[in-house]
Structures are given as structure tokens and as C-alpha cells.
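Below is one structure, written out as C-alpha cells; comments come after it.
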Amino acid sequence: MSASAPFADVIPDRSQPQDADFLPLNGTDHVEFYVGNARQAAYFYRAAFGMSLVAYAGPETGLRDRASYVVQQGKIRFVLTTALRSDNPIADHVHRHGDAVRVVALWVDDARLAWRETTRRGAVTVAEPQVLSDEHGSVVVASIQTYGDTIHTFVERESYRGPFLPGFRAVNDDPIARPVGLLHIDHMVGNVGWHEMDRWVNFYRDVMGFGLYQHFDDSDISTEYSALMSKVMASGNGYVKFPINEPAEGKRRSQIEEYLDFYPGPGVQHIALATDDILRTVNQLREQGIEFLKVPHTYYTELQQRVGTIDEPVDELEDLGILVDRDNEGYMLQIFTRPVEDRPTVFFEIIQRKGSRSFGKGNFKALFEAIEREQQARGNL
Ligand code: FE2
């Protein structure tokens, strides 16, 4: 599903040498958020992030317990779901986590096989394979547990031609959407608890057939500025990348700890959305009300020295707060939003890759300083 080049250089799965990719993924199918008010959340993603409302399901389509709005831009598809009554697991999830990611859905050719292969390797079932049908055809879905209350749903949609999933009705025209050039999900990051990173790295390796992504230096990146450890796991074909963070001891309270306190527990920390024109995308997102982390002026005085010649004018990057990092394959530009809900939990990254496949390690120091200024302002440092 990713528009970027297929990355095959993932370190082979050591536990399954005879069957390296037993879980071939076509990409991220969708990300479902459980929210307090899906109608208003959908408005935010349409008006601010520029996504288009493409499908809806709720009482009008026969659902009794929930309403879901599907918004899309490029290949990025978010589902905003809310409970209609309080005695409902969606309501429980919102009570515990606030507006948060519940489902990271993965697009597969064979959902039954995906479920069988992962549960055989130890995945915990949330929902066994089931066929959903309507007049547009049928899909097969099955779900397994990952970190915290987050789940993966395998979606097999080869025989389906409808707007999203059976039961959803199409919304054909969205007068509110103001697209900003977002293309696809580049990666999605999970925060897990103290000393739990390796447990989840092993889960993605052994149960999901992922490998440790070579283009990331997985050394301890805890610094005096903030403390975390991070490893990037990638699916066999590299289409799906999940960096996993855990807090580390530092001089001060880390951003990961703040997340774990407020979420509370493990969950999705940020979703990185790719663009091929970050200056345009970020300019427009700002005009539409998205707030980004501020970057100190000193970052830009040292920028050219650190990354060499780049196509973008440094003063424009500084005006917008866009970060740059380079490796031996090229460079990348990235910027982080402030959390998009009042709890300091989920945020977004906007990323443009110009050859580099890194995750911005060289920016961690500058980024941590910026995040910690915000933590300080919230009294949580
Ligand atoms: Fe990221």
C-alpha cells in the first residue's frame, strides 16, 4: 500500500529461517480511533488535516451501539468510532485512554492464514476470522492483541468493491475536506512500558515475522535531554514499519513516561504521514489550525553544517520548524505536531524522504528539547 519503494533490507527473521515471510502485508489498511465524539473528531481530521469523509456507519445504517466515520487522504485511511451508550467496550476504552488508537489494521491477501500463522506463534485472539458481506461483496477480518489495549486486525478485501467495509455507506462529496498533500503512512510508533521493548520486539519478530530494520541504529538513544530506547521493526517486505519506544532512566522525566502516565499504559504514540512537498503541506496544515512543536533557532544555525546542501531554503524550514536529517543515502525532512488531544498522548509526524530511510536520529536532541519545553509548560517534567 505504501507508495514508497519496497524496502527489502530487513534483517531476516532468525526464529523462522525456513519461512521468512509467513505474514506478507500489503500495507496498513486503516487506523481506527475510539473517540468521545466521532462526528466532531471527523470534522477535525477533515478541516485541519484535510482528509475527506468517504464512508459512514451508524444507527442510520443499522448499527445499534456505535457510529463510525471513515476519512481518507491519499492512501491514509482513519476510522473515527464512538459509542452510542455507556455500557460499551468502546466507551470503556475512551474512559481509560481518551481519544486513542484502538486498531492498527493490516491489509493482507489471506486473513484466515494471517490469523492462523500468528496465533500458532503465540498471538492472542481478539476476534476469530469472520466474513462480512453486503451488496458490494465480502471481506474477511480477524484480530489479534498487541501492546496495551491496541489490536491488529487483518483485512482481506480482494472480493470487496464498496467504500470501506460491509455495512458502511459511501459519502461521495466532502465540502469540508481541504487536502494538504498527505500520501501514505510512513511508520507508526508504539510506546511500551519500562523494560518491555524487547518483549514487543520479540513479539513482532516471532509472531508477526518482522525484522529489525537495518537502517536504524538501535543503540541506546537516551541522552541528558530525555531518555528513551527505540527499535524499528519492519514487515518482511518493509511496507509496514513499527518503531517501538520504551522509557529509559534520565536526569528528568522522559516524554515516554509522561505518555505512559496519561494514556495510561502502552499505546500508539505517533503516526508518521508522508508528503512529497513538506513545505506546502506544513504551511497549509498550519493555516488550517494544526500546531507543531517549536524548534530552537540554534538548530537552524547549525543545520547546514550538519546536513550539507539541501533543496529547501533554511529560512523557510525555520519559519515552519521543520527538522532535517541526513544519512549516506540522502536526507529526510520531518516535523511533529503537538498532541492532538488534551492528554499528552497521540501526535502526528509529517515526513518527506529524499533518499534517506532513517527515522531522524540526528534530530532527537533538538526534538527532545522541544518536547521537554512543552512538558515543562504542563508541569510534568
Ligand atoms: Fe517517527
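Here our numbering is used: the sequence shown runs in plain steps of one and ends on residue 387. Beta carbons: idealized from backbone N, C-alpha and C, even for Gly. Given the structure is predicted, the values throughout are model-derived calculations rather than measurements.
- In this structure, Phe354 sits away from Ile250, with a CB-CB distance that is not shorter than 8 angstroms.
- Distances from the CB of Glu355 to the heavy atoms of ligand 1 include at least one below 7 angstroms.
- The C-alpha of Gln290 is placed about 35 angstroms away from the C-alpha of Thr152.
- Here Ser92 is exposed: its Cβ has fewer than 16 other Cβ atoms, across all protein chains shown, within 10 Å.
- Shortest Cα-Cα distance from Asp180 to any of Val76, Ile296, Glu293 involves Val76.
- The region 96–103 makes no contact with the region 200–212: fewer than 3 CB pairs, one atom from each, lie closer than 8 angstroms.
- By the criterion of a C-beta distance shorter than 8 angstroms, Asn369 is surrounded in its chain by Leu329, Val330, Asp331, Gln340, once the five residues flanking it on both sides are discounted.
- The alpha carbon of Leu234 has as its nearest neighbour, out of Met214, Gly295, Tyr265, the alpha carbon of Tyr265.
- In this structure, Val186 places its C-beta atom within 8 angstroms of the C-beta atom of Thr287.
- Rounded to the nearest angstrom, the gap between the Cα atoms of Val109 and Ile157 is 5 angstroms.
- By the criterion of at least three beta-carbon pairs nearer than 8 angstroms, the region 114–133 is in contact with the region 158–173.
- Within the DSSP bridge table, the entry for Thr131 names Ile150 as partners.
- Boundaries cannot be given for Gln294, as no beta strand (DSSP E) includes it and DSSP labels it neither H nor E.
- With respect to the C-alpha of Ile182, the residue from Ala53, Leu29, Thr34, Phe365 having the closest C-alpha is Ala53.
- Residue environment analysis places Ala383 among the exposed positions, since fewer than 16 neighbouring C-beta atoms fall within 10 angstroms of its C-beta.
- Residue environment: Pro345 is assigned as buried (16 or more neighbouring CB atoms within 10 Å of its CB, all protein chains considered).
- Inter-residue distance for Arg359 and Glu66 is about 42 angstroms (C-alpha atoms, whole angstroms).
- As computed with DSSP, Glu162 is found in a beta bridge with Val114, Val146.
- Within the chosen limit of 7 angstroms, ligand 1 reaches the beta carbon of Val195 through at least one heavy atom.
- For Arg83, the uninterrupted beta strand (DSSP E) segment begins and ends at 82–89.
- In the structure shown, His201 falls within a coil segment according to DSSP collapsed to helix, strand and coil.
- As computed with DSSP, Asn251 is found in a beta bridge with Asn197, Ser236.
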